[in-house]
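Undergrad:
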Amino acid sequence: MTSTRARSAITVTGLRKSFGDKVVLDGIDLDVAEGTTFSLLGPNGAGKTTAVRILSTLIGSDGGRAWIAGHDLAKEPEAVRRAIGVTGQFSAVDDLLTGEENLVLMADLNHLGRAEGRRRVAELLDRFDLVEAAGKQASTYSGGMRRRLDLAMTLVGGPRIIFLDEPTTGLDPRSRHTMWQIVRELVAEGVTIFLTTQYLEEADELADRIAVLDHGKLVASGTPDELKRGIPGGHVRLRFGDTAGLDAAARALGGSTRDDDALTLQVPSDGGVSALRALLDRLEQAAIEVDGLSVHTTPDLDDVFFAVTMVRRNTKHTLRNPSTMIMTIGLPVILLLLFVGFRPDDPRAANLTKAVRACLG
Ligand SMILES: Nc1ncnc2c1ncn2[C@@H]1O[C@H](COP(=O)(O)OP(=O)(O)O)[C@@H](O)[C@H]1O
Ligand SMILES: [Mg+2]
102 MTSTRARSAI TVTGLRKSFG DKVVLDGIDL DVAEGTTFSL LGPNGAGKTT AVRILSTLIG
162 SDGGRAWIAG HDLAKEPEAV RRAIGVTGQF SAVDDLLTGE ENLVLMADLN HLGRAEGRRR
222 VAELLDRFDL VEAAGKQAST YSGGMRRRLD LAMTLVGGPR IIFLDEPTTG LDPRSRHTMW
282 QIVRELVAEG VTIFLTTQYL EEADELADRI AVLDHGKLVA SGTPDELKRG IPGGHVRLRF
342 GDTAGLDAAA RALGGSTRDD DALTLQVPSD GGVSALRALL DRLEQAAIEV DGLSVHTTPD
402 LDDVFFAVTM VRRNTKHTLR NPSTMIMTIG LPVILLLLFV GFRPDDPRAA NLTKAVRACL
462 G
């Protein structure tokens with residue numbers, strides 16, 4: 102084992118997974134240092150849970166390698182399982198048992214012994230603010246209590262690496278903050294956290310490093326600050342009520358980037374008062390109604406996400422739209438064929454070159 106691997110809690114190279122002909126993970130590389138929080142960020146269906154299920158030995162991969170806590174995932178799955186804890190998107194809590202019984206069951210599964218098991222269960226109930234609810238059936242718990250119990254159950258075995266798969270999806274803001282606090286405490290104790298989330302804010306709050314998963318590939322990775330630095334300066338984001346408004350604004354405001362799903366237009370701007378006034382004047386002159394406006398002077402993770410996923414969407418848009426496809430792919434091919442057909446000293450070649458230059462301005 103190399104020294105790098107000794108300091109890495111999780112190392113993954115070329116991880117691949119398909120379901121049928123659907124490629125979910127298309128060669129993923131990542132490295133998570135011990136005692137840090139890594140966030141795999143991606144929209145619904147991006148493949149986050151699939152990655153967690155593979156790395157926690159629940160399902161096999163189609164290719165690639167991974168080392169977890171220094172153990173080869175393929176060769177030593179038992180050792181990997183002993184080192185990790187997993188709190189899934191879908192809870193492991195047994196609804197028919199009380200909170201305390203769920204924890205005792207986990208203590209038994211971890212062979213903690215009676216005295217040690219009781220001590221650990223009491224400690225976790227206290228830490229996760231579940232002492233009062235300990236004797237109540239888990240089916241009566243709120244969403245936040247359930248997630249806390251679920252995580253407490255994961256911690257019974259004292260894992261050094263914890264996979265948290267969307268731990269706060271669907272939680273109210275207060276429960277979400279409680280969960281964040283718990284994660285920070287675990288990291289302070291030296292635990293490594295592999296966190297999946299759809300929330301940029303959550304990754305920004307908790308993660309030392311983030312990787313953005315989109316269509317099976319990691320489209321960006323780095324510290325939250327690195328990701329933000331990679332994004333060009335300030336902008337104004339305009340939101341419209343319908344596609345017609347978005348179309349009109351995109352025509353009126355050159356150099357802007359559109360998001361058809363969100364009905365927003367991102368316009369480069371320093372965000373100053375005069376720039377904003379000029380922008381609004383232009384929209385008013387063109388009789389375009391704006392539903393919402395936000396000014397971004399320092400990029401946030403929303404901008405990062407927008408930028409890295411936008412490149413792909415714009416490419417897809419080009420390929421879907423026949424006329425843009427002819428312009429971007431067909432035209433150069435036609436020109437090339439024309440040139441190849443002429444001898445270098447043919448006067449028609451010079452004329453054509455002039456015409457093309459004129460077209461390109
Ligand atoms: N067992 C499975 N069989 C077939 N398709 C699956 C299976 N598990 C996941 N998928 C598909 O793989 C894609 C990624 O799913 P998932 O990893 O759950 O995404 P995420 O957790 O990011 O929302 C989805 O399109 C999903 O429908
Ligand atoms: Mg998921």
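In our numbering, the protein residues as written are 102 to 462.
Using N, Cα and C, we set each Cβ at its ideal position, and we do this for glycine too.
For D196, verify whether its CB is less than 7 Å away from any heavy atom of ligand 2.
TA: Within the sequence shown, the letter at position 95 stands for residue 196. Not so, every heavy atom of ligand 2 lies at least 7 Å from the Cβ.
Undergrad: So what does DSSP say about D361, is it helix, strand or coil?
TA: Within the sequence shown, numbered from 1, the residue matching residue 361 stands at position 260. The answer is coil: DSSP assigns D361 none of H, G, I, E or B.
Undergrad: Should K78 be listed as close to ligand 1, given that the test is whether its C-beta is under 7 Å from any heavy atom?
TA: The chain is shown only over 102 to 462; residue 78 falls outside these bounds and no answer can be derived.
Undergrad: Closest to R228 by C-alpha separation, out of A208, A239, S240, V257, would be which residue?
TA: As a position in the sequence shown, residue 228 is number 127, starting the count at 1. The shortest C-alpha separation from R228 is found at V257.
Undergrad: What are the uninterrupted segments assigned as alpha helix (DSSP H) that are 4 or more residues long and contained completely in the stretch 316-350, given in chain order?
TA: Whole alpha helix (DSSP H) segments, 4+ residues: 325-330.
Undergrad: Whole angstroms is fine: what's the gap from L174's alpha carbon to D309's?
TA: To locate residue 174, count along the sequence shown from 1; it is residue 73. To locate residue 309, count along the sequence shown from 1; it is residue 208. Approximately 24 Å, taken between the alpha carbons.
Undergrad: Which parts of the stretch 259-307 are runs of the beta strand (DSSP E), unbroken and 3 residues or longer, counting only runs that do not cross its ends?
TA: Counting whole runs of 3 or more residues, the stretch 259-307 contains the beta strand (DSSP E) stretches 262-266, 293-298.
Undergrad: Does the Cβ of F139 have 16 or more other Cβ atoms within 10 Å, making it buried, or fewer, making it exposed?
TA: Against the sequence shown, residue 139 aligns to sequence position 38. So F139 counts as buried.
Undergrad: Assign G271 to buried or exposed, taking buried as 16 or more other Cβ atoms, counted over all protein chains shown, within 10 Å of its Cβ.
TA: To locate residue 271, count along the sequence shown from 1; it is residue 170. It is exposed - the Cβ of G271 has fewer than 16 other Cβ atoms within 10 Å.
Undergrad: Could you give the first and the last residue of the continuous alpha helix (DSSP H) run that contains K149?
TA: The count along the sequence shown starts at 1 and reaches residue 149 at position 48. Looking at the DSSP string, the run of the alpha helix (DSSP H) that includes K149 is 149-156.
Undergrad: Considering only residues of the same chain and omitting the five flanking positions on each side of D251, which have a CB-CB separation below 7 Å?
TA: In the sequence shown, the residue the question calls residue 251 occupies position 150. Excluding residues within five positions, the ones whose Cβ falls inside 7 Å are T188, S192, A193, V194.
Undergrad: Mind checking who D163 pairs with in its DSSP beta bridge?
TA: Position 62 of the sequence shown, counted from the first residue, corresponds to residue 163. For D163, which the question treats as bridged, DSSP gives no partner whatsoever.
Undergrad: Do D315 and V409 count as a contact pair if the criterion is CB distance below 8 Å?
TA: Translated into the one-based positions of the sequence shown, residue 409 becomes position 308. Translated into the one-based positions of the sequence shown, residue 315 becomes position 214. Yes, they are a contact pair.
Undergrad: Which residue wins for smallest C-alpha separation from L394, given the options T269, R338, P178, P325?
TA: Residue 394 sits at position 293 when you count from the first residue of the sequence shown. Taking only the C-alpha atoms, the option nearest L394 is R338.
Undergrad: Less than 7 Å separating the Cβ of D251 from some heavy atom of ligand 2?
TA: Along the sequence shown, one-based indexing puts residue 251 at 150. No; taking the cut-off as 7 Å, the Cβ of D251 has no heavy atom of ligand 2 nearer than that.
Undergrad: Just to confirm, are T297 and V153 a CB contact at a threshold of 8 Å?
TA: Taking the first residue of the sequence shown as 1, we reach residue 297 at position 196. Taking the first residue of the sequence shown as 1, we reach residue 153 at position 52. Yes, the pair counts as a contact, with Cβ atoms nearer than the cut-off.
Undergrad: Tell me which residues share the same chain as T158 and place their Cβ nearer than 6 Å to its Cβ, disregarding the 5 neighbours each side in the sequence.
TA: Taking the first residue of the sequence shown as 1, we reach residue 158 at position 57. Cβ within range, chain order: P178, V181, R182.
Undergrad: Start and end of the beta strand (DSSP E) containing V232?
TA: To locate residue 232, count along the sequence shown from 1; it is residue 131. Looking at the DSSP string, V232 is not in any beta strand (DSSP E), and its letter there is neither H nor E.
Undergrad: Select from A312, G355, L384 the residue whose C-alpha is nearest the C-alpha of F341.
TA: In the sequence shown, counting from the first residue as 1, residue 341 sits at position 240. The option with the nearest alpha carbon to F341 is L384.
Undergrad: Just list the residues that DSSP pairs S375 with in beta bridges.
TA: One-based indexing of the sequence shown puts residue 375 at position 274. In DSSP, S375 forms no bridge with anything.
Undergrad: Relative to ligand 2, is the shortest distance from any of its heavy atoms to the C-beta of D360 smaller than 7 Å?
TA: Locating residue 360 in the sequence shown gives position 259, where the first residue counts as 1. False, no ligand heavy atom lies under 7 Å from that Cβ.
Undergrad: Between which two residues does the beta strand (DSSP E) containing D309 stretch?
TA: Sequence index remark: in the sequence shown, residue 309 carries index 208 (1-based). Neither: D309 is in no beta strand (DSSP E) and is coded neither H nor E.
Undergrad: Is T105 helix, strand or coil when you go by DSSP?
TA: Locating residue 105 in the sequence shown gives position 4, counting from the first residue. Any reading at T105 needs caution, since the residue's pLDDT is 46, under 50, leaving its predicted position unreliable; the model's value is listed next. Three-state DSSP puts T105 in a helix.
Undergrad: Could you give the C-beta distance for A363 and I389, rounded to a whole number, given that I count them as a contact under 8 Å?
TA: Counting from 1 along the sequence shown, the entry for residue 363 is found at position 262. Counting from 1 along the sequence shown, the entry for residue 389 is found at position 288. About 17 Å; that fails the 8 Å criterion.
Undergrad: For ligand 1, any of its heavy atoms closer than 7 Å to the Cβ of V125?
TA: As a first step, residue 125 must be located in the sequence shown, where it is residue number 24. Result yes, Cβ under 7 Å from ligand 1.
Undergrad: Assuming V125 is part of the beta strand (DSSP E), what are its boundary residues?
TA: Translated into positions along the sequence shown, residue 125 becomes position 24. Segment 123-134, the beta strand (DSSP E) holding V125.
Undergrad: Considering T210, what are the terminal residues of the alpha helix (DSSP H) in which it resides?
TA: Here residue 210 corresponds to residue number 109 of the sequence shown, with the count starting at 1. Note on identity: in this sequence residue 210 is Leu, with Thr being the wrong assignment. Start and end: 200-210.
Undergrad: Measuring alpha carbon to alpha carbon, tell me which residue in G171, L131, A134, L126 is nearest T150.
TA: For the purposes of this step, residue 150 is taken as the residue at position 49 of the sequence shown. It is L126 whose Cα lies nearest to the Cα of T150.
Undergrad: Run the CB neighbour count on L287, radius 10 Å, all protein chains shown included, and call it buried at 16 or more, exposed below.
TA: In the sequence shown, counting from the first residue as 1, residue 287 sits at position 186. So L287 counts as buried.
Undergrad: Suppose you measure from the CA of D196 to the CA of G146; what does that come to, to the nearest Å?
TA: Locating residue 196 in the sequence shown gives position 95, counting from the first residue. Locating residue 146 in the sequence shown gives position 45, counting from the first residue. One C-alpha to the other measures close to 27 Å.
Undergrad: Consult DSSP for V194 and reduce its assignment to one of helix, strand or coil.
TA: To locate residue 194, count along the sequence shown from 1; it is residue 93. Three-state result, V194: coil.
Undergrad: Just reading off the beta strand (DSSP E) that T255 is part of, what are its end residues?
TA: Locating residue 255 in the sequence shown gives position 154, counting from the first residue. Element bounds for T255: not the beta strand (DSSP E) but the alpha helix (DSSP H), 244-256.
Undergrad: Below 7 Å, is the gap between the Cβ of L146 and the nearest heavy atom of ligand 1?
TA: As a first step, residue 146 is located in the sequence shown; it is residue number 45 there, counting from the start. Note that residue 146 corresponds to Gly in the displayed sequence, not to Leu. Checking the Cβ of G146 against ligand 1 gives yes.
Undergrad: Would DSSP call P178 helix, strand or coil?
TA: As a first step, residue 178 must be located in the sequence shown, where it is residue number 77. Correct three-state label for P178: helix.
Undergrad: May I ask which residues mark the beginning and end of the beta strand (DSSP E) holding G393?
TA: One-based indexing of the sequence shown puts residue 393 at position 292. It spans 393-397 - the beta strand (DSSP E) in which G393 sits, taken as one unbroken run.
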